[in-house]
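**Q** Residue 1 is where the sequence shown starts when you use UniProt numbering, and the numbers rise one by one after that.
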Amino acid sequence: MAVALHRLPGPGLLAHRDGIRAVYAAAFAGPPWNTEPADADAYLERLADDVRRPGFAGAVALDGDQVLGFATAWTSATPLPGNRAYPRVTAALGAERTTAWLCGGLEVDELAVAPAAHGRGLGRTLLEAVTRDAPDGRSWLLTSAKADATVRFYERLGWRQATHPAPDGYGTAVFLGPHHPARTALVPPQ
Numbered sequence: 001m002a003v004a005l006h007r008l009p010g011p012g013l014l015a016h017r018d019g020i021r022a023v024y025a026a027a028f029a030g031p032p033w034n035t036e037p038a039d040a041d042a043y044l045e046r047l048a049d050d051v052r053r054p055g056f057a058g059a060v061a062l063d064g065d066q067v068l069g070f071a072t073a074w075t076s077a078t079p080l081p082g083n084r085a086y087p088r089v090t091a092a093l094g095a096e097r098t099t100a101w102l103c104g105g106l107e108v109d110e111l112a113v114a115p116a117a118h119g120r121g122l123g124r125t126l127l128e129a130v131t132r133d134a135p136d137g138r139s140w141l142l143t144s145a146k147a148d149a150t151v152r153f154y155e156r157l158g159w160r161q162a163t164h165p166a167p168d169g170y171g172t173a174v175f176l177g178p179h180h181p182a183r184t185a186l187v188p189p190q
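The following block contains the structure:
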């Protein structure tokens, strides 16, 4: 069966929650994430709230009824929240650049493809599906700078790392999307 990609509103994405949980658990089981099955359950709980965020976009890749991958994104709050990795991001970029580059932009929260489905272009297609409506091309994401294959994947797609080194040594890196206007202001690492 051919893989079908569907861009879905929140309730439509949640209809695939069991498959999303399985992909999340498999995709993030290895280093540097080393997630446990309970982490996938916690992600589903968070996703149930995330689908109500302003500007939410979700996409799922299906082979029949089987979820092979998914992506989620939403419009970033102004200012960025004070939880998760956001304070480290603001410290690394500075308040002015954080506001100008990230706030009000489209934040890619999750992108995951089942390991057995790697190499089929699903990650690229899912990422494009959730970022295509980014305001003024302002899409961005956080990932682990320690995830070498993931970093190379984003770089191949034209995403550029905005934080060098990663904030506070945590290994979290901010990437700006290929159409983000601030890409020209980025200084490459030395």
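Note that beta-carbon positions come from the ideal geometry of N, C-alpha and C, so glycine has one too.
Indicate the three-state DSSP secondary structure (helix, strand or coil) for residue 131 in the structure shown.
**A** Working through the sequence shown from its first residue, we reach residue 131 at position 131. Residue state, collapsed to three classes: helix.
**Q** Measure the C-alpha to C-alpha separation of residue 155 and residue 148 and round it to an integer number of angstroms.
**A** Counting from one through the sequence shown, the residue named residue 155 turns up at place 155. Counting from one through the sequence shown, the residue named residue 148 turns up at place 148. Taking the straight line from one Cα to the other gives about 11 Å.
**Q** Buried or exposed: where does residue 138 fall if 16 or more other Cβ atoms within 10 Å of its Cβ makes it buried?
**A** As a working note, residue 138 is residue 138 in the sequence shown. When all chains shown are included, residue 138 counts as buried.
**Q** What is the rounded straight-line gap between the Cα of residue 159 and the Cα of residue 77?
**A** Here residue 159 is taken as the residue at index 159 of the sequence shown, counted from 1. Here residue 77 is taken as the residue at index 77 of the sequence shown, counted from 1. C-alpha separation (whole angstroms): 21 Å.
**Q** Looking at the structure shown, is residue 155 part of a helix, part of a strand, or coil, going by DSSP?
**A** Start at 1 with the first residue of the sequence shown, and residue 155 comes out as number 155. Three-state DSSP puts residue 155 in a helix.
**Q** Quick check on residue 129: buried or exposed, where buried means 16 or more other Cβ atoms within 10 Å of its Cβ?
**A** On the sequence shown, position 129 is the one that residue 129 refers to. Result: buried.
**Q** Rounded to whole angstroms, how far is the Cβ of residue 153 from the Cβ of residue 177, which I believe are closer than 8 Å?
**A** Taking the first residue of the sequence shown as 1, we reach residue 153 at position 153. Taking the first residue of the sequence shown as 1, we reach residue 177 at position 177. So it is not a contact: roughly 13 Å between Cβ atoms.
**Q** My guess is that residue 112 and residue 70 are in contact by the Cβ rule of under 8 Å, so how many angstroms apart are they, rounded?
**A** Residue numbering aside, residue 112 sits at position 112 when the sequence shown is read from its first letter. Residue numbering aside, residue 70 sits at position 70 when the sequence shown is read from its first letter. Residue 112 to residue 70, Cβ: 6 Å. Contact.
**Q** With residue 80 as the anchor, note down where its alpha helix (DSSP H) starts and where it stops.
**A** Your numbering for residue 80 matches position 80 in the sequence shown. Where residue 80 is concerned, there is no enclosing alpha helix (DSSP H), given that its DSSP letter is neither H nor E.
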